[in-house]
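In the working numbering, the protein residues as written are 6 to 736.
Virtual Cβ for every residue (Gly too), placed ideally from N, Cα, C.
All values reported here derive from a predicted model rather than from experimental measurement.
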């Protein structure tokens with residue numbers, strides 16, 4: 006695995022000694038080395054004046070000595086008394102900054118440091134957040150030992166030309182370092198700094214590089230995907246609770262290269278991170294959940310990579326899914342069906358010393374106006390209509406879930422070995438009052454009792470008075486289309502709004518599809534034929550709902566109509582293949598980097614049903630499996646497509662009209678929106694690629710004029726619950 010060293014701000018990609026330098030760097034020179042003389046101040050009871058980092062500061066009464074500095078490890082050229090912190094100053098001269106392509110700080114330290122050059126902070130580790138000036142007795146995040154005295158190499162922090170142009174100057178430059186210790190009664194301290202410059206021309210020399218541990222950074226590293234860089238300051242990320250880390254996001258825009266040496270431009274701040282998932286935690290590539298935090302570790306809503314602001318996020322790391330796209334693809338597809346589905350972005354992750362491969366940054370499922378848009382339930386909502394919502398339930402196993410409280414179904418499933426289990430997802434079980442638990446438990450029991458009973462398909466008093474049928478139809482389709490091994494029985498969400506807004510249960514949002522589309526070798530999930538909802542789920546059985554719903558001609562009629570509609574559009578085999586090709590193109594070279602870091606191609610990773618020797622073989626298998634599955638569903642999906650109509654509760658309150666249609670270049674979308682709902686507009690071409698997206702203004706009448714090239718398009722308008730699809734023809 007390639008090793009990457011990183012700091013809170015600086016960054017160094019370490020490669021082997023045979024790596025060629027990029028064309029812009031001819032060689033490296035030493036600017037500062039061990040043994041160089043520094044001015045230093047030892048802080049035992051107080052720190053120096055705040056002006057100590059300024060060029061004009063008078064340090065004539067400071068001590069002086071050669072680096073490194075410290076005590077107790079027998080690795081110090083200058084031994085100092087036990088202290089809380091030490092402050093270092095020295096000057097160095099640069100003849101011509103135009104000849105310097107990169108600046109590399111190597112530093113061995115115990116326990117933390119901050120570096121300034123000409124008063125500008127360039128690097129830090131293990132204390133505070135960038136921009137803050139630590140107090141002389143500031144606490145460090147975690148204890149850390151120096152490594153060079155027992156044969157280790159120092160940490161390295163690199164600034165490329167874009168960065169160093171902000172602080173490096175021709176002539177005399179001032180280098181300042183503050184080192185803080187971890188204990189009120191410290192047991193040791195150490196700091197040995199080095200500074201190297203990557204030179205553009207062979208004739209420019211300062212001092213030769215003589216260190217046996219020096220390796221040049223790979224300055225040519227770049228990705229078209231956003232980069233997420235997380236520094237845990239030597240802390241191990243636990244299953245829980247979240248630990249404080251520093252996180253930066255780099256995204257220079259579409260089709261532009263992103264380098265770990267670039268400045269953080271999409272996020273730079275604190276976060277709280279923990280492991281998430283269940284069986285996936287056993288893989289070398291871990292899944293993470295994190296919250297964006299303020300400097301005082303309070304969760305703070307932030308928009309990440311264009312997604313609506315929130316504080317809760319997930320980093321999914323595809324490992325057994327060697328296509329890298331199964332989750333991403335399913336979330337986008339279900340969103341294109343017209344429902345809320347977690348938004349996501351491909352990223353590459355750097356964690357402490359390692360490049361961790363391709364990840365998917367995903368919205369965590371939660372109640373929010375931009376996520377599952379239902380009413381907020383508080384501890385004051387204990388009676389009347391206020392008690393009725395909103396709620397989010399999850400059918401799942403308790404491991405890997407935020408909440409483990411819940412209740413069992415009153416009915417044994419038709420298949421499987423036991424009743425299915427509903428967990429309280431929102432609010433979590435420890436936040437719900439007993440009266441609220443009793444209400445939602447009773448509501449589910451009433452639904453299941455009616456569905457299980459004789460008059461289950463009565464239009465007025467049967468199951469249709471409890472569920473939004475359209476959402477259950479689409480949820481059935483996405484799970485059977487993908488033949489998700491965990492579909493229906495695990496990672497299955499239901500949500501319910503307050504009765505005065507909407508009294509029905511909705512199926513979704515979708516979650517966890519890395520073992521779908523033929524990527525599991527148990528319970529028949531590898532075969533493109535057969536029904537997933539009929540699978541014996543064993544310990545975690547399927548609910549009986551789906552078997553029962555399929556006995557109602559109303560449900561199967563809606564199911565067949567919806568399937569035929571999707572198969573002529575976004576689920577057409579050509580559309581899906583083009584869509585998959587687009588995702589592979591979006592990932593680009595990140596796939597090769599991912600499989601270089603994690604060599605899983607050509608080997609079995611639980612529970613693979615297929616083992617491709619190349620990434621393209623994995624993609625081809627995915628395409629072929631989906632095509633075969635869709636053909637099988639064409640032939641075996643029950644129902645006859647007839648005009649079944651919708652109940653009033655399933656009709657959207659908004660009414661979109663598209664004209665002229667066909668048109669020559671511009672179409673007008675007019676929407677009557679009597680409830681002033683926030684509406685979302687998405688337009689897809691025949692390949693399934695999104696060509697236009699917009700959140701529409703919250704008004705009673707909306708007029709949107711859209712120019713499109715010639716073609717046939719699917720236009721969807723939704724309010725996170727209901728959706729309307731229209732076809733637009735431009736010739």
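Distance cut-off 6 Å: residue 448 Cβ against heavy atoms of the ligand FAD: Among the components of this structure there are no ligands whatsoever, and the ligand FAD is therefore not found.
Start-to-end residues for the alpha helix (DSSP H) that takes in residue 401: Numbered from 1 along the chain shown, position 396 holds the residue referred to as residue 401. Premise fails: residue 401 is in no alpha helix (DSSP H) and is neither H nor E.
Residue 390 - DSSP class collapsed to helix/strand/coil: As a first step, residue 390 is located in the chain shown; it is residue number 385 there, counting from the start. In the three-state scheme derived from DSSP, where H, G and I count as helix and E and B as strand, residue 390 is classed as helix.
Buried versus exposed, by CB contacts within 10 Å (16 or more), residue 740: Only positions 6 to 736 of the chain appear in the structure, and residue 740 is not among them; the question remains open.
Sequence-distant residues of its chain with Cβ nearer than 6 Å to residue 686 (five each side left out): By 1-based counting over the chain shown, the position of residue 686 is 681. Answer for residue 686: 699, 701, 722, listed in chain order.
Three-state class that DSSP yields for residue 42 in the structure shown: What you label residue 42 is simply residue 37 of the chain shown in a count that begins at 1. Residue 42: strand per DSSP, three-state reduction.
Presumed contact (8 Å Cβ cut-off) between residue 32 and residue 249, rounded CB distance: One-based indexing of the chain shown puts residue 32 at position 27. One-based indexing of the chain shown puts residue 249 at position 244. Contact flag wrong, Cβ pair sits at about 40 Å.
Under 7 Å between C-beta atoms of residue 78 and residue 193: Walking along the chain shown from the start, residue 78 turns up at place 73. Walking along the chain shown from the start, residue 193 turns up at place 188. Yes, the Cβ-Cβ distance between residue 78 and residue 193 is below 7 Å.
Cβ contact check for the stretch 282 to 289 and the stretch 304 to 311: 3 or more pairs under 8 Å: no
Beta bridge counterpart(s) of residue 32 as assigned by DSSP: Within the chain shown, numbered from 1, the residue matching residue 32 stands at position 27. Residue 32 is bridged to 204.
Minimum C-alpha distance to residue 688 - residue among 735, 643, 682: One-based indexing of the chain shown puts residue 688 at position 683. Of the candidates 735, 643, 682, the one whose C-alpha sits nearest the C-alpha of residue 688 is 735.
Euclidean distance between Cα positions of residue 416 and residue 380: Sequence index remark: in the chain shown, residue 416 carries index 411 (1-based). Sequence index remark: in the chain shown, residue 380 carries index 375 (1-based). Looking at the two C-alpha atoms, the distance is approximately 29 Å.
Proximity of residue 530 and residue 480 at Cβ, strictly below 7 Å: Working through the chain shown from its first residue, we reach residue 530 at position 525. Working through the chain shown from its first residue, we reach residue 480 at position 475. No, the pair does not count as a contact, with Cβ atoms beyond the cut-off.
Spatially closest choice to residue 444 from 497, 503, 475, by CA coordinates: The residue given as residue 444 occupies position 439 in the chain shown. Ranking 497, 503, 475 by Cα distance to residue 444 puts 503 first.
For residue 348, three-class secondary structure by DSSP: Looking up residue 348 in the chain shown gives position 343. Looking at residue 348 - three-state DSSP - the assignment turns out to be coil, as it is neither helix nor strand.
Beta carbon of residue 384 nearer than 7 Å to that of residue 438: By 1-based counting over the chain shown, the position of residue 384 is 379. By 1-based counting over the chain shown, the position of residue 438 is 433. Yes.
Those residues which DSSP pairs with residue 673 across a bridge: Taking the first residue of the chain shown as position 1, residue 673 is located at position 668. Paired residues: 664, 710.
Cβ-based burial, residue 210 [other Cβ within 10 Å; buried from 16]: Counting from one through the chain shown, the residue named residue 210 turns up at place 205. With fewer than 16 Cβ atoms within 10 Å of its Cβ, residue 210 is classed as exposed.
Minimum C-alpha distance to residue 632 - residue among 488, 375, 518, 506: As a first step, residue 632 is located in the chain shown; it is residue number 627 there, counting from the start. Selected option, being the one with the closest Cα: 488.
Distance between beta carbons of residue 353 and residue 362, contact taken as under 8 Å: The count along the chain shown starts at 1 and reaches residue 362 at position 357. The count along the chain shown starts at 1 and reaches residue 353 at position 348. So it is a contact: roughly 7 Å between Cβ atoms.
Residue interval of the beta strand (DSSP E) (run including residue 297): One-based indexing of the chain shown puts residue 297 at position 292. Its beta strand (DSSP E) spans residues 293 to 297.
Span separating the alpha-carbon of residue 188 from that of residue 222: Here residue 188 refers to the residue found at position 183 of the chain shown. Here residue 222 refers to the residue found at position 217 of the chain shown. One C-alpha to the other measures close to 34 Å.
Local Cβ density within 10 Å of residue 720, reported as buried at 16 or more and exposed below that: Residue 720 sits at position 715 when you count from the first residue of the chain shown. By the 10 Å Cβ count, residue 720 comes out buried.
Proximity to residue 262 [Cα-Cα], best of 592, 678, 506, 672: Position 257 of the chain shown, counted from the start, is the residue given in the question as residue 262. Comparing Cα positions, the closest option is 592.
Boundaries of the alpha helix (DSSP H) in which residue 443 is found, first to last residue: Looking up residue 443 in the chain shown gives position 438. That run of the alpha helix (DSSP H) goes 439 to 457.
Minimum C-alpha distance to residue 695 - residue among 683, 708, 718: Within the chain shown, numbered from 1, the residue matching residue 695 stands at position 690. Residue 718 is the option with its Cα nearest to residue 695.
First and last residue of the uninterrupted beta strand (DSSP E) at residue 579: As a working note, residue 579 is residue 574 in the chain shown. Here residue 579 belongs to no beta strand (DSSP E); instead the alpha helix (DSSP H) covers 578 to 592.
Entirely enclosed alpha helix (DSSP H) segments - the stretch 165 to 226, minimum 4 residues: 166 to 169
Given residue 766 as reference, the closest of 179, 534, 37, 49 once Cα atoms are compared: Summary: the structure shown does not reach residue 766, with the chain confined to residues 6 through 736, and so no result is reported for it.
Straight-line Cα distance separating residue 128 from residue 389: For the purposes of this step, residue 389 is taken as residue 384 along the chain shown, with counting starting at 1. For the purposes of this step, residue 128 is taken as residue 123 along the chain shown, with counting starting at 1. Those two C-alpha atoms are separated by around 57 Å.
Given 8 Å, three or more beta-carbon pairs between the stretch 614 to 626 and the stretch 317 to 334: Here the stretch 614 to 626 lies against the stretch 317 to 334, with 3 or more beta-carbon pairs under 8 Å apart.
Sequence-distant residues of its chain with Cβ nearer than 8 Å to residue 778 (five each side left out): The requested residue 778 is not part of the displayed model; the chain covers only 6 to 736.
Beta-carbon proximity of residue 119 to residue 51, cut-off 7 Å: Locating residue 119 in the chain shown gives position 114, counting from the first residue. Locating residue 51 in the chain shown gives position 46, counting from the first residue. No, Cβ-Cβ distance for residue 119 and residue 51 is not below 7 Å.
Whole-angstrom distance between residue 442 and residue 470, CA atom to CA atom: Locating residue 470 in the chain shown gives position 465, where the first residue counts as 1. Locating residue 442 in the chain shown gives position 437, where the first residue counts as 1. In a straight line, the C-alpha of residue 470 is about 21 Å away from that of residue 442.
Cβ pair residue 142, residue 58 closer than 7 Å: Taking the chain shown and counting its residues from 1, the one referred to as residue 142 is at position 137. Taking the chain shown and counting its residues from 1, the one referred to as residue 58 is at position 53. Contact flag unset, no.
Sheet register partners of residue 121 (DSSP bridge): Here the question's residue 121 lines up with position 116 in the chain shown. In the DSSP output, where bridge partners are listed per residue, residue 121 has 126, 181.
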